[in-house]
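Accompanying notes for the structure given below.
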Amino acid sequence: MLPNKLQKKIDQRLASNSLRALGAQLDTIDFSSNDYLGFSRSKSIHANAFDILQHFTGPLNGASGSRLLSGNHSLYKEAESKIAQFHNASSALIFNSGYDANLGFFGCVPQRGDIIFYDELCHASIRDGIRTSHAKGYKFKHNNTKDLEHLLATHAKSKTSNETCYLVTESVFSMDGDMPDLQEIVSICQKFNCHVIVDEAHAVGVVGEGGVGLVQQLGLEDTIFARLVTFGKALGCHGAALLGSEALMQYLVNFARSFIYTTALPPHAIATVMAAYHHLQKKSDTVAELTENICFFKAQLQQHSLVNSFIPSDSCIQSCLIQGNTMVKETALILKERGLDVKPILSPTVPEGQERLRICLHSYNTEDEIAKLVTILSEQQSTMYFQSSE
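In numbering that gives the first Met the number 0, the protein residues as written are 0 to 389.
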């Protein structure tokens, strides 16, 4: 039996129709996964990863320990060098996941007395990392540079000499799919001597020429204190890396607890990351196909008068606002019955009243599939309550 306090929380989720459960993979058209480029199912990446593994390590099933003990196999050096070169960064350090990277970074870099400003819609891993920090965290309104500048200006009046200021945002927000005015954010932060951190989880492989991410697309590499890139979205594998100066990576190796106290990723995981980056460099047409699908999807929204029901987004994440957990789950079920896999995002994952269908577009979705999805949503306008994004 669960303790009463825990059972009460489960009962509350049941009452609000927001209880989560693990589901099985469906034989339906994929509009839900983060596999934006189809790399997770690529046979050539799989074969190339095997060749890399054989060349560097041979048949090893596991890392055997943390990287500071026995797990720092030779592939790590090669992979981190390749990742840093691809992203035009001084250095890279691989973590077991994006969650681990954010938890490790924010748990050890900002010190007691420091300040962290973060976008109010930043990912849970960033917020959890800030909670483990001894620094104080202050959120600013989503993608609102005026609010950010006001906060920084207000704080500057009482800033002490030994205090360091950090700002964290995402290049593509995972639930809304929108992007910040990163150039303006960097300009504001330079004015107030504030270090900028950018989570590029949903931008790598998607944004910029060849999928380099938003920071490189804008040429801001030298102005960013740290970047997070992840491999579990467009690259179709697993893990993450922090990018920054060699001094920052040395610091993380010594103080990031989520890096120090965990078994390293197995060699075949790192080989797959290397193969995925190699494939991304060779297959830039795949990124172009994704861009074309995003444009086609947005044109379909215009054609079916659905634009106002969607949060404005130029990325592969398109969110249709449907108020209420029950209503958004019913709409997702209708799509499932018509052969389309679209996941409902419920409160409290998003604020109450901001429930939505989170539609993920992929390079491998056909125009017929996209048109079918938008047509079904259009048919539901008369029976479902689609909330305006305005």
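In this text, a Cβ means the ideal position worked out from N, Cα and C, and glycines have one as well.
None of these values were measured; they are calculated from a predicted model.
Short of 7 Å from the beta carbon of Glu366, and not among the five residues preceding or following it, lie these beta carbons of its own chain, in chain order: Phe295. Each residue's CA atom was taken as its position, placing Lys81 and Phe49 some 18 Å apart. Cβ-Cβ distances below 6 Å link Ala100 to Phe94, Leu227, Ala239 and Leu241 in the same chain, with the five nearest sequence neighbours on each side left out; the list follows chain order. Under DSSP, Arg357 forms a beta bridge with Ser318 and Lys342. In the three-state reduction of the DSSP assignment, Gly243 falls in the strand class. Boundaries of the alpha helix (DSSP H) harbouring Glu366: Glu366 to Gln379, taken from the DSSP string. Ranked by Cα distance from Asp175, the options Ser314, Arg337, His278 and Glu368 are led by Ser314. The C-alpha of Ser69 is placed about 16 Å away from the C-alpha of Ser257.
Contact fails between the stretch 1 to 16 and the stretch 205 to 217, because fewer than three Cβ pairs, one in each stretch, are under 8 Å apart. Sixteen is the threshold: since fewer than 16 other Cβ atoms of the shown chains lie within 10 Å of the Cβ of Val252, the residue is exposed. Nearest to Leu217 by alpha-carbon distance, out of Ile184, Thr229 and Gly243, is Ile184. The residue from Val195, His72 and Arg111 with its alpha-carbon nearest to that of Glu162 is Arg111.
Within the DSSP secondary-structure output, Phe139 pairs in a beta bridge with Asp118.
Beta-carbon to beta-carbon, Cys359 and Phe30 are separated by about 6 Å, close enough to satisfy the 8 Å threshold. Minimum Cα-Cα distance from Ser89 among the listed residues Phe224, Gln280, Lys232 and Ser186 corresponds to Phe224. Met178 places its beta carbon 8 Å or farther from that of Ser186. Here Asn142 has Pro179 as same chain residues with Cβ atoms under 6 Å from its own Cβ, once five neighbours each way along the sequence are excluded. Residue environment for His72: buried (at least 16 other C-beta atoms within 10 angstroms of its C-beta). Around the CB of Asp26, fewer than 16 other CB atoms lie within 10 Å, so the residue is classed as exposed. Considering only Asn364, Ser308 and Arg337, the residue with the shortest C-alpha distance to Asn292 is Asn364. The alpha carbon of Phe139 has as its nearest neighbour, out of Ile129, Arg130 and Leu150, the alpha carbon of Leu150.
Three or more Cβ pairs closer than 8 Å define a contact, and the stretch 273 to 290 falls short of that threshold against the stretch 102 to 122.
In the DSSP assignment, Ile196 forms a beta bridge with Val167 and Ala225.
Bounds of the beta strand (DSSP E) holding Ala91 are Ser90 to Phe94. For Arg126, the enclosing alpha helix (DSSP H) begins and ends at Ala123 to Thr131.
Here DSSP, grouped into helix, strand and coil, assigns Ile9 to helix. His149: member of the alpha helix (DSSP H) spanning Thr144 to Ala155, first to last residue.
Annotated three-state conformation of Ile293 is helix, per DSSP. Of the candidates Gln6, Gly235 and His154, the residue whose Cα lies closest to the Cα of His361 is Gly235. Residue environment for Lys156: exposed (fewer than 16 other C-beta atoms within 10 angstroms of its C-beta). Taking the Cα positions, Gly61 is about 8 Å away from Ala263. By DSSP's assignment, Phe309 forms a beta bridge with Cys319.
Assignment of Asp99 by DSSP, reduced to helix, strand and coil, places it in the helix class. Between Ser318 and the set Leu345, Glu336 and Gly338, the nearest pair of CA atoms involves Leu345.
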